[in-house]
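2 protein chains.
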Amino acid sequence: MKNYHLTPEQFREEGKKIIDWIADYYENIEKYPVLSQVEPGEIKASLPEQPPQKGEPFSQIMHDLDEKIMSGITHWQSPNFYGYFPSNTSFPSILGDLVSSGLGVQGMIWATSPAATELETRVLDWLAEMMDMPEKFKSTSTGGGVIQDTASTSALTAVIAARERATKYESNKTGVRQKLVAYVSSQTHSSLEKAIKMAGIGSENLRMIDVDDQFAMRPEMLQKQIQEDKKNGLLPFFVCATIGTTSSTAMDPVREIGEICRAENCWLHVDAAMAGTAMACPEFRHLKDGVELADSYCFNPHKWMFTNLDCDVFWVANRNELINTFSILPEYLKNKATETGAVFDYRDWHVQLGRRFRSLKLWFVIRHYGAEGLQFHIRKHVEMAQNFASWVRESDDFEIVVEPQINLVCFRHKSDDDFNMKLMNTVNETGKAFFTHTKLNNRVVLRMSIGQTHTEERHVKETWQLIKATAEHLLKNRKAKN
Amino acid sequence: MKNYHLTPEQFREEGKKIIDWIADYYENIEKYPVLSQVEPGEIKASLPEQPPQKGEPFSQIMHDLDEKIMSGITHWQSPNFYGYFPSNTSFPSILGDLVSSGLGVQGMIWATSPAATELETRVLDWLAEMMDMPEKFKSTSTGGGVIQDTASTSALTAVIAARERATKYESNKTGVRQKLVAYVSSQTHSSLEKAIKMAGIGSENLRMIDVDDQFAMRPEMLQKQIQEDKKNGLLPFFVCATIGTTSSTAMDPVREIGEICRAENCWLHVDAAMAGTAMACPEFRHLKDGVELADSYCFNPHKWMFTNLDCDVFWVANRNELINTFSILPEYLKNKATETGAVFDYRDWHVQLGRRFRSLKLWFVIRHYGAEGLQFHIRKHVEMAQNFASWVRESDDFEIVVEPQINLVCFRHKSDDDFNMKLMNTVNETGKAFFTHTKLNNRVVLRMSIGQTHTEERHVKETWQLIKATAEHLLKNRKAKN
């Protein structure tokens with residue numbers, strides 16, 4: 001009887017073709033323009049306006065993937081992708097994710113798949129160990145880790161847990177009634193402002209503390225602002241310190257900020273979304289000095305640790321503060337294991353109830369590479385960034401804007417802002433490489449973020465040659481016009 | 001040189017083995033106990049306490065998957081899984097998800113992969129068409145759809161957007177200062193209460209409206225409560241109506257509730273997380289009568305539409321209300337396409353910034369099955385549930401608690417609560433089937449939720465025989481003891 005499903009045999013056949021399709025993709029990835037060249041609306045217009053009434057052959061779907069979708073892809077996995085921040089994946093991660101999709105478990109509570117919970121707990125304890133994190137972040141102590149989807153969600157989770165601790169869990173009941181105030185730096189990721197808004201605190205009650213010439217938060221300014229706010233009857237409750245800001249990988253002084261937080265009874269959240277991966281190498285661990293003063297900490301294996309989106313690791317020092325904030329137990333989820341308190345139910349650790357088997361891909365990555373393999377690639381990326389920086393320094397026309405601490409180089413052509421934007425757009429439009437910009441001290445800065453899985457020395461070198469040649473060409477044109 | 005990566009050739013080999021592994025899993029899935037039989041801590045204890053220093057062979061990872069992880073899986077994809085609600089997947093979905101993992105794009109804004117945005121927009125317009133949703137939910141009108149991870153996140157998104165509309169976008173600035181009040185029924189999913197807490201409204205300001213004998217919200221009680229709250233100087237701002245509650249698939253009267261919301265200027269969110277899939281069939285569309293009065297609506301293809309977690313479809317009537325609430329535009333994300341306003345940037349439609357290529361698996365599912373294939377399976381599931389209900393009615397020892405409207409049967413043994421819990425636990429411990437309970441009017445009710453991809457008539461029949469035989473056996477034992 002026709003039942004519309006693929007049979008297991010058809011799945012074997014189509015699945016293996018897709019495995020080959022992905023391998024082919026990586027073998028040919030340098031042939032695609034890194035930045036998609038389509039115009040707004042072009043992809044949508046290529047797709048039928050009406051949904052299919054009847055099912056279509058699998059070959060047709062794959063054909064349309066090639067013919068209609070691929071031109072609209074910006075190739076984050078290209079070795080010539082240097083935009084924003086890395087979002088690198090790896091073959092082991094893809095395969096771990098495939099197993100997760102295949103099993104299709106819903107791990108909202110321990111009982112609905114004990115392995116989904118316990119593997120996550122174990123793997124996050126492993127990472128805490130691998131990265132020399134404080135004992136209190138481990139499940140064997142007072143804290144523990146949970147995989148969130150993104151650092152934005154971790155920020156929201158931290159803000160809400162901090163709000164509840166500060167108001168003795170009253171805000172959850174009465175709404176936000178106290179005059180809470182939070183602190184970030186002017187360089188902190190925008191997701192913190194978004195979290196403060198979502199949590200009902202209000203952006204007026206978020207202070208953006210000044211930064212120093214390295215774009216790191218100035219602790220004395222934080223201290224001053226907290227005093228002023230207290231004088232005005234406000235209740236300081238939350239500070240976010242960043243290890244590696246998005247714009248320039250600036251490093252906030254976690255220890256000094258943490259000591260202020262201790263004294264002022266503020267929740268300290270540390271956002272190490274991208275740079276956190278570097279903590280796998282001992283030589284970068286000074287960047288997290290003081291992290292034992294943090295109440296929560298997050299970093300994204302889905303940025304620089306070869307693991308597919310979504311995978312943000314969120315550790316807390318005291319898991320009860322999280323559970324007291326987010327727990328809700330309706331009758332239909334009651335079960336023996338939860339009642340004994342012997343297990344973690346991760347739905348009480350975050351916004352969502354439903355959750356897939358989130359840790360499998362991370363487990364595959366860590367076991368495949370081992371600490372040693374991860375360190376190897378982190379060091380390679382940092383080395384390539386440092387090399388790039390040295391070429392910039394050696395050139396007459398370009399300059400370094402911030403000394404690169406790890407894998408991001410902030411530089412600019414010595415010409416004006418317009419020229420830098422024009423240079424970036426011209427390079428990006430060639431499709432041969434892709435990088436992005438930011439503004440620091442109100443000036444356009446070009447960002448070369450090095451961290452894709454398959455980026456090698458030759459890619460970085462060729463991209464530098466391309467940037468230099470493009471700049472020379474544009475300068476010549478400009479002079480010809482004048 | 002050793003670079004620790006899998007080569008494309010190794011990926012082909014290991015990937016194809018995993019495809020076979022998944023096919024084998026589905027061919028043998030009935031041999032596993034549906035509910036995992038492990039004890040708390042058992043899986044964790046089987047895994048090394050220390051992370052691997054050196055990478056391990058892929059074969060070892062797969063070996064440990066079989067030997068250490070599989071016993072801790074509760075098999076949501078088993079045809080004998082009738083717990084909670086379905087979380088069904090399908091081979092096309094698994095393959096669509098695999099392509100998404102392989103491409104590894106980060107679709108936070110249009111420019112970072114135009115296809116990730118535009119395919120999502122198109123597919124959600126398709127679904128609106130397929131399900132006869134109001135025009136305003138389409139991107140071609142004032143609204144549009146976005147894929148959220150879960151219905152919990154949709155609820156939070158709706159509550160926050162409603163909060164902002166009600167306070168003229170002041171709460172985002174000042175924090176929650178007005179005395180807002182929200183309304184759900186006593187049967188509404190707990191995620192709404194969680195959302196109200198997270199958004200800084202406070203659970204004291206959430207009213208749980210009484211339900212009728214079918215567990216549907218009583219609109220006259222809603223009206224009365226709103227009047228009373230207004231008299232007390234509160235500002236009613238949000239109502240959630242449910243199409244298919246979690247406990248019993250109760251259907252709130254959306255039209256009557258919607259008319260009250262219109263008159264009282266409240267945001268109406270409709271939560272159709274599980275039952276929403278039924279709207280693919282014309283004969284169930286009366287259940288959504290009045291949905292054109294809604295401001296937002298969500299349903300989960302990851303529950304009953306053969307699509308892997310995470311996949312929650314969230315439609316709004318007015319996308320500007322969403323964007324005005326959630327938009328933040330830092331310099332490093334500025335780009336030409338966004339500035340022209342010609343594109344959607346989905347990071348402004350939800351909590352997260354980063355997002356994978358979320359629509360691919362849904363596109364694979366819709367194209368593979370077509371509207372016709374989806375309807376076929378929805379109707380099969382409903383028919384099986386109705387058959388199960390008829391067997392319950394025919395038996396002397398069991399009774400139907402709520403007349404099943406679609407695919408959930410709420411029933412109980414005519415004995416007491418303890419007996420029903422004992423019966424359920426005994427059946428679940430056999431590993432042959434898995435179902436769960438709830439409470440309605442303070443009595444234990446057993447729930448038979450039918451919606452797994454591979455559930456056939458024979459599975460449902462055998463499970464009913466097992467439940468009956470187990471009940472007889474337990475009764476006999478009880479009598480023997482007395």
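From first to last, the protein sequence lines are chains G and D.
In terms of full-length UniProt numbering, the first sequence opens at residue 1 and continues consecutively.
In terms of full-length UniProt numbering, the second sequence opens at residue 1 and continues consecutively.
Think of the CB as a built atom: it goes at the ideal place given N, C-alpha and C, for glycine as much as any other residue.
Source: prediction; values computed, not measured.
- If you look at M70 of chain G, you'll find it isn't in any beta strand (DSSP E); DSSP assigns it neither H nor E.
- The CB of Q53 of chain D comes closer than 7 Å to the CB of G370, A371, E372 in chain G, given here in chain order.
- Listed in chain order, the non-local C-beta contacts of T246 of chain D below 6 Å within the same chain comprise H189, local neighbours out to five positions each way being set aside.
- The residues R163, A166, I201, N205, L235, F237, in chain order, have a CB closer than 7 Å to that of L180 of chain G in the same chain once the five nearest residues on each side in sequence are set aside.
- Any Cβ of chain D closer than 8 Å to the Cβ of I467 of chain G would place that residue at the interface, and such an atom is absent.
- In the displayed model, R356 of chain D falls within coil according to three-state DSSP, outside both helix and strand.
- At a cut-off of 8 Å between beta carbons, N172 of chain D contacts chain G.
- Comparing alpha carbon positions, the residue from G:H350, G:V184, G:N300 closest to K197 of chain D is G:H350.
- A residue is called buried when at least 16 other Cβ atoms come within 10 angstroms of its Cβ; P33 of chain D meets this threshold and is buried.
- Contact residues of the stretch 91 to 108 of chain D toward chain G are F91, P92, S93, I94, L95, D97, L98, V99, S101, G102, L103, G104, V105, Q106 (C-beta to C-beta distance below 8 Å).
- R12 of chain D reaches chain G at I19, D20, A23, counting residues in chain order whose Cβ is nearer than 7 Å.
- Considering only G:G451, G:A45, G:T463, G:V445, the residue with the shortest C-alpha distance to S248 of chain G is G:V445.
- Here the alpha carbons of I328 of chain G and G175 of chain G stand approximately 17 Å from one another.
- When G:P114, G:L408, G:K54, G:C311 are compared, the shortest CA-CA separation from D345 of chain G is found for G:P114.
- In this structure, the beta-carbon distance from F326 of chain D to V313 of chain D does not fall below 8 Å.
- For M448 of chain G, the closest Cβ of chain D is not nearer than 8 Å.
- Distance from the CA atom of R347 of chain D to the CA atom of G354 of chain D, rounded to whole angstroms, is 7 Å.
- Those residues of the stretch 213 to 247 of chain G placed with their C-beta closer than 9 Å to a C-beta in chain D are T246, S247, ordered along the chain.
- Excluding the 5 residues flanking it on each side, D229 of chain D has same chain C-beta neighbours closer than 7 Å at V181, P236, in chain order.
- Cα atoms of V184 of chain D and L192 of chain D: separation of roughly 8 Å, rounded to the nearest angstrom.
- For the stretch 186 to 256 of chain D, the continuous alpha helix (DSSP H) assignments of 4+ residues that do not extend past its boundaries occur at 190 to 198, 219 to 231, in sequence order.
- Annotation: Cβ neighbours of L156 of chain D in chain G (cutoff 7 Å, chain order): V351.
- In the displayed model, F419 of chain G falls within a helix according to three-state DSSP.
- Counting the other CB atoms within 10 Å of its CB gives D252 of chain G a total of 16 or more, which places it among the buried residues.
- In terms of beta-carbon proximity, D416 of chain D stays away from the interface with chain G, with every pair separated by 8 Å or more.
- In this structure, the beta-carbon distance from D213 of chain D to M221 of chain D does not fall below 8 Å.
- Annotation for E399 of chain G: the continuous beta strand (DSSP E) segment containing it runs 398 to 402.
- Taking 8 Å as the cut-off, the beta carbon of T89 of chain D is found no closer than this to the beta carbon of Q106 of chain D.
- Considered as a whole, the stretch 124 to 184 of chain G harbours 144 to 148 as its complete beta strand (DSSP E) runs of no fewer than 3 residues, in chain order.
- Annotation: V239 of chain G to F411 of chain G spans about 30 Å, alpha carbon to alpha carbon.
- When the alpha-carbon of Y4 of chain G is set against those of D:V270, D:I366, D:I400, D:K422, the nearest one is in D:I366.
- Among the CB atoms of chain D, none fall inside 8 Å of the CB of D132 of chain G.
- Counting only Cβ-Cβ distances below 7 Å, T438 of chain D has contacts in chain G at E331, Y332, in chain order.
- In chain D, no part has a C-beta under 7 Å from the C-beta of G145 of chain G; the shortest such distance is about 13 Å.
- Residue range 457 to 481 is occupied by the alpha helix (DSSP H) that includes V460 of chain G, with no beta strand (DSSP E) assigned at that position.
- Of the residues G:M384, G:H437, G:S296, G:P57, the one whose Cα lies closest to the Cα of N335 of chain D is G:H437.
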